[in-house]
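Per the UniProt record's numbering, residue 1 is the first one in the sequence shown, and the count goes up by one each step.
Worksheet: the structure to be examined is printed underneath.
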Amino acid sequence: MVAFLVIEQTEKDKIGWPPALKGSNEMPDVYRSVADLPKDLEYLLKKADQDNLGKQKRRFLKSLTYDMEITRLRTHLEQMETEMTRLLEAVNSSATLLAQTRNVRAESRTTEAQCTDAHSDGSETLFSAEEN
1 MVAFLVIEQT EKDKIGWPPA LKGSNEMPDV YRSVADLPKD LEYLLKKADQ
51 DNLGKQKRRF LKSLTYDMEI TRLRTHLEQM ETEMTRLLEA VNSSATLLAQ
101 TRNVRAESRT TEAQCTDAHS DGSETLFSAE EN
C-alpha cells in the first residue's frame, strides 16, 4: 500500500516539511517524524480497513436491496396470480350461468313450439269440424 501525503509549503519552509514535524526552532524534528510513523501507518491501515469495510457494506446493502426487490416482486406476482385466479373463476361462473340460461331458453322455446304445434293441430281439427 502506498500513501501520498500532501505537504503545504510556506515562505519559511521551502523544503516542504509538514508543520507537525517542525520544532520550536523551525527545524524539522526527524526523531519525532520517525516516532510518528507507526501512528501514521496505523491511521492509514485503519483508513484502508474502513474503506474495505465500506465496500463490503455497500456490496452487502446492494445484495440486501436486490433480495428485498426480489421478495417484493415475488409478493406482487403472487397477488396478481390470486387476482387472476379470482377473475378466471368469475369468468367460468359467468360462462356456466350463460350456458344454463341458454339451455333454459332453448327448452322454453322447444316447449312453446310444441304447444304451438299442438294448438295449431287443434285449430285445424276445429276448422275441419266446422267445415263438415
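Note that the Cβ used here is the ideal one computed from N, Cα and C, for glycine as well.
Which value, in whole angstroms, describes the spacing of the CA atoms of residue i and residue j?
i, j, result
"A99", "E107", "12 Å"
"L21", "L41", "At L21 the pLDDT is 48, less than 50, meaning the model places this residue with poor confidence; the figure from the coordinates comes in the next sentence. Whole-angstrom Cα-Cα distance: 16 Å."
"A90", "T82", "12 Å"
"E78", "M84", "10 Å"
"Q56", "M80", "36 Å"
"H76", "V104", "42 Å"
"S93", "L87", "10 Å"
So, at 6 Å on beta carbons, what are the nonlocal neighbours of residue i in its own chain, with the 5 sequence-adjacent residues on each side left out?
i, result
"R74", "none"
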